[in-house]
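K.L.:
In this note's numbering, the protein residues as written are 8 to 428.
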């Protein structure tokens, strides 16, 4: 049983301990379920990891009153733990989270793996972002949960089963992320960004959500040559449409990613299609790696952009709802790429058009992206490039892609702010 195996792991580091738990599609849901029936096994544990909004829903700190967690994201499923002081939010770039796994304080680890192969190795499957860095540290006792539902892509990190101090087996389905119907304004955003990508060879990065879904849909429907590659922290189901539309290069490693997060269709495809290559965060988010990719196009969503060209990706109505993640890594990598394009996108309004997402000025707590890092900004009303523009030109360009009903108010606000600068 998984609870018994976890008890053996805990015995190797008795007392308070910091434990790494894999996230994304490698989240060991069966372990969480087992600990609900044996909560004492979670006593005095601090859970370390990088769970992803929309996919990972386990609040590990709810397993025992003494359990704690540290994470770089905050979202709805973790709100109760955060408000109670059990979850400590650490604002960190993805690349910095990876460095923490390489050398930060960790006492134990739990990782989901695919079944052993003939040579005695197991793979990290479709979730290779952080676990390899932890397993490379021989001083950390680790538990492997062998899940027969975890695919074993040909090009994903593998480790000897003997690396693990404790082994358990499980057949729980991988957590799944399903796509919702696109609100109408995102079609225009997707088509605009697809137009920026054009028909020339490019390497794309994208995250989760409506913007990314709209872009991949637009690129798939537009047709064109098979000259696109993907280099991203994650891929989701819409990438299947891009593949099936014949837009992705038919070459090994044409889709390089840290994790696949989606439905069984994506996991099955990623397990057999040689185009999928899984790598750790030092590769997927390394700025030097990204800068060396010709025409690297980073496509990410934000919540607000102000007239100075600063972006908010973390706060909504004054409340923390997310984290910085890999946003800055990708924007800076694309800016340094030969022909690269750092793109952020957002609908121009919220609350049924009554609230502008292009705002006069962000609050100091809400600046996720400084103005020096913002280049292309896209709404359903168009796209503007802020790179190299003076502050007045920036404001004018951003007002031009705001909702028409809010443009006059933004212009007045800029005029008033400008006099005080």
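Glycine residues also receive a C-beta, built at the ideal position from the N, C-alpha and C atoms.
Just so it is clear, the structure is predicted and the values come from calculations on it, not from any experiment.
Could you check whether residue 24 and residue 115 sit closer than 9 Å to each other, using their CB atoms as the reference points?
P.N.:
Contact: yes.
K.L.:
Write down every uninterrupted run of the beta strand (DSSP E) in the stretch 367-405 whose length is 3 residues or greater and which is fully enclosed by it, in chain order.
P.N.:
Counting whole runs of 3 or more residues, the stretch 367-405 contains the beta strand (DSSP E) stretches 383-386, 389-392.
K.L.:
Quick one: grab the DSSP three-state call for residue 217.
P.N.:
If DSSP states are grouped into helix, strand and coil, residue 217 belongs with the helices.
K.L.:
In angstroms with no decimal places, state the Cα-to-Cα distance between residue 225 and residue 202.
P.N.:
Going by the C-alpha atoms only, they are around 9 Å apart.
K.L.:
How about residue 186 and residue 243: are their beta carbons less than 9 Å apart?
P.N.:
Cβ atoms of residue 186 and residue 243: closer than 9 Å.
K.L.:
If we require 3 or more residues per run, which beta strand (DSSP E) segments fall completely within the stretch 134-158?
P.N.:
Counting whole runs of 3 or more residues, the stretch 134-158 contains the beta strand (DSSP E) stretches 149-154.
K.L.:
Using the three-state DSSP reduction, which class does residue 53 fall into: helix, strand or coil?
P.N.:
If DSSP states are grouped into helix, strand and coil, residue 53 belongs with the strands.
K.L.:
Buried or exposed: where does residue 362 fall if 16 or more other Cβ atoms within 10 Å of its Cβ makes it buried?
P.N.:
Looking at its Cβ environment, which holds fewer than 16 other Cβ atoms inside 10 Å, residue 362 is exposed.
K.L.:
Who pairs with residue 313 in a beta bridge, going by DSSP?
P.N.:
The partner list for residue 313 (beta bridge, DSSP) reads 366.
K.L.:
Below 8 Å, is the gap between the Cβ of residue 145 and the nearest heavy atom of the ligand FMN?
P.N.:
Ligands are entirely absent from the displayed structure, and the ligand FMN is therefore not among its contents.
K.L.:
Decide if the stretch 160-171 is in contact with the stretch 28-48; the criterion is three or more beta carbon pairs, one per stretch, under 8 Å apart.
P.N.:
Because the criterion of three Cβ pairs below 8 Å is not met, the stretch 160-171 and the stretch 28-48 do not touch.
K.L.:
Is it the case that the stretch 80-96 contacts the stretch 345-362, given that we only count it when at least three CB pairs across the two stretches are under 8 Å?
P.N.:
In short, these stretches do not touch, since the Cβ pair count stays below three.
K.L.:
Sort out for me which residues DSSP pairs residue 185 with in a bridge.
P.N.:
DSSP output for residue 185 lists no bridge partner at all.
K.L.:
On a CA-only basis, which of 80, 81, 65, 82 is nearest residue 74? Give me that one, please.
P.N.:
Among 80, 81, 65, 82, the Cα nearest to that of residue 74 belongs to 65.
K.L.:
Between residue 129 and residue 123, is the Cβ-Cβ spacing less than 9 Å?
P.N.:
Going by C-beta atoms, residue 129 is nearer than 9 Å to residue 123.
K.L.:
Compare the beta carbon distance of residue 133 and residue 285 with 9 Å and say whether it is the shorter of the two.
P.N.:
Yes, the pair counts as a contact, with Cβ atoms nearer than the cut-off.
K.L.:
Going by DSSP in three states, residue 283 sits in which element: helix, strand or coil?
P.N.:
In the structure shown, residue 283 sits in a strand (DSSP, three-state: E or B).
K.L.:
Rounded to whole angstroms, what is the Cα-Cα separation between residue 416 and residue 91?
P.N.:
For residue 416 and residue 91, the distance between alpha carbons rounds to 40 Å.
K.L.:
Beta carbon of residue 223, beta carbon of residue 197: below 9 Å?
P.N.:
Taking 9 Å as the Cβ cut-off, residue 223 and residue 197 qualify as a contacting pair.
K.L.:
Assign residue 267 to buried or exposed, taking buried as 16 or more other Cβ atoms, counted over all protein chains shown, within 10 Å of its Cβ.
P.N.:
Burial call: buried.
K.L.:
In terms of DSSP beta bridges, what is residue 207 paired with?
P.N.:
Answer by DSSP bridge pairing: none, since residue 207 is not bridged.
K.L.:
On the DSSP bridge assignment, give the partners of residue 327 in chain order.
P.N.:
Answer is 322, bridged to residue 327.
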